[in-house]
Amino acid sequence: VTTSVSNGQIYFKDNFDNPKESEKKWHVLYGDWQFKNKEYHQLMLEPNCMSVVSDEYWDELYL
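Per full-length UniProt numbering, residue 1 is the first one in the sequence shown, and the count goes up by one each step.
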């Protein structure tokens, strides 16, 4: 996952290759989530499962 805008500034990046580090970057709002095989999966069959980037890993320097 890479989030950027047209000026090329990267605000967040995670390739999920290190589950321990990726766990620090995400905050689960609802659902059960798992890092496996360099992917991030929600495990529930419920609507509105949500996970967002943790504040400390979001760079708003150029907003």
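Each residue gets a CB set at the ideal place from its N, CA and C atoms; glycine is no exception.
Beta-ladder partner(s) of residue i, from DSSP
i	result
S51	V28
W33	Q42
Reference residue i; option with closest CA among the options
i	options	result
L29	Q42, Y11, K38, I10	Q42
F16	G31, K38, N7	K38
N18	F35, M50, Y57, G8	F35
Contact check, residue i vs residue j, beta carbons under 8 Å
i	j	result
W26	S54	yes
Y11	S22	no
For residue i, the first and last residue of its enclosing beta strand (DSSP E)
i	result
F16	Run containing F16: none; DSSP gives neither H nor E here.
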